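So in my numbering, the last one in the sequence shown is 165, and the numbering has no gaps at all.
Just so it is clear, CB atoms sit at the ideal spot from N, CA and C, and this is done for glycine as well.
The structure displayed is predicted, hence computed values, not measured ones.
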Amino acid sequence: MIATLRKWWSYLLGKRSEVARMDHKDAYMAKVVLDIHRKRRDKRLVLVPLSELEPIHRIDRESALEATRKRAEALRAHREALLATKSLDGATLQAVIPSVSQIKVVRDGERCLAFEGNGRLYAMREVFTAEDGMRVEVEEYVFDDDRSIRRRLNRVRKLNRLG
């Protein structure tokens with residue numbers, strides 16, 4: 003219990019510099035993420051190709067850029083072993099680039115929109131190419147009707163100049 007609280011406290015302290023710079027894009031993204039959690043019917047762990055994972059926002063704040071750099075370094079240190087398995091499952095991700103949560107996605111056709119774990123995703127993309135064939139374990143959120151959620155996630159991507 004104490005270890006979990008420490009992990010969350012560390013996570014929140016790391017985010018405080020980002021809170022001061024929040025703008026309308028961030029507020030809209032927060033609302034979309036709340037609705038994802040509220041409206042989901044189910045969630046499941048799945049392995050998906052890294053090439054199918056798409057971020058919903060850029061990593062452009064100094065604290066997030068630094069965390070992404072450190073994660074990329076950690077992945078590079080294990081690159082050959084990871085390439086041998088072609089898999090970044092939950093246990094491996096937690097061992098190499100630990101985080102308080104899974105990478106969370108909503109499927110949008112042939113791609114998965116990552117609404118949690120964008121920094122880890124950018125780090126993975128820096129270290130591995132599509133040709134490497136890496137697969138990543140993610141938590142996929144499932145809805146009875148996901149059209150509105152997908153449309154709104156794509157709007158977040160456009161607001162962040164990704165779509």
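Burial of K106 is indicated by the presence of at least 16 other C-beta atoms within 10 angstroms of its C-beta.
Rounded to the nearest whole angstrom, the C-alpha separation of R137 and H39 is 24 Å. Counting along the chain, the unbroken alpha helix (DSSP H) around K72 starts and ends at 64-79. If you draw a straight line from the Cα of A83 to the Cα of L55, it comes to about 22 Å. Sequence-distant partners of S53 (beyond 5 residues in either direction) whose C-beta falls short of 8 Å from its own C-beta, in its chain, are A132. In this model, A69 and D147 are separated by some 35 Å (Cα to Cα). Contact between F130 and I58 fails: their C-beta atoms lie close to 20 Å from each other, not under 8 Å. Beta-bridge pairing by DSSP links A86 to no other residue.
In the DSSP assignment, L49 is bridged to E139. Looking at the backbone, the Cα of P100 and that of E139 are separated by about 14 Å. Annotation for N156: D110, L115, G165 place their beta carbon closer than 8 Å to its own, counting only its chain and skipping 5 residues before and after. Pairing L47 with G92 gives a Cβ-Cβ distance under 8 Å. In this structure, DSSP gives R40 a helical state, which the three-state scheme calls helix.
The alpha carbon of Q96 has as its nearest neighbour, out of L85, K88, L77, R113, the alpha carbon of L77.
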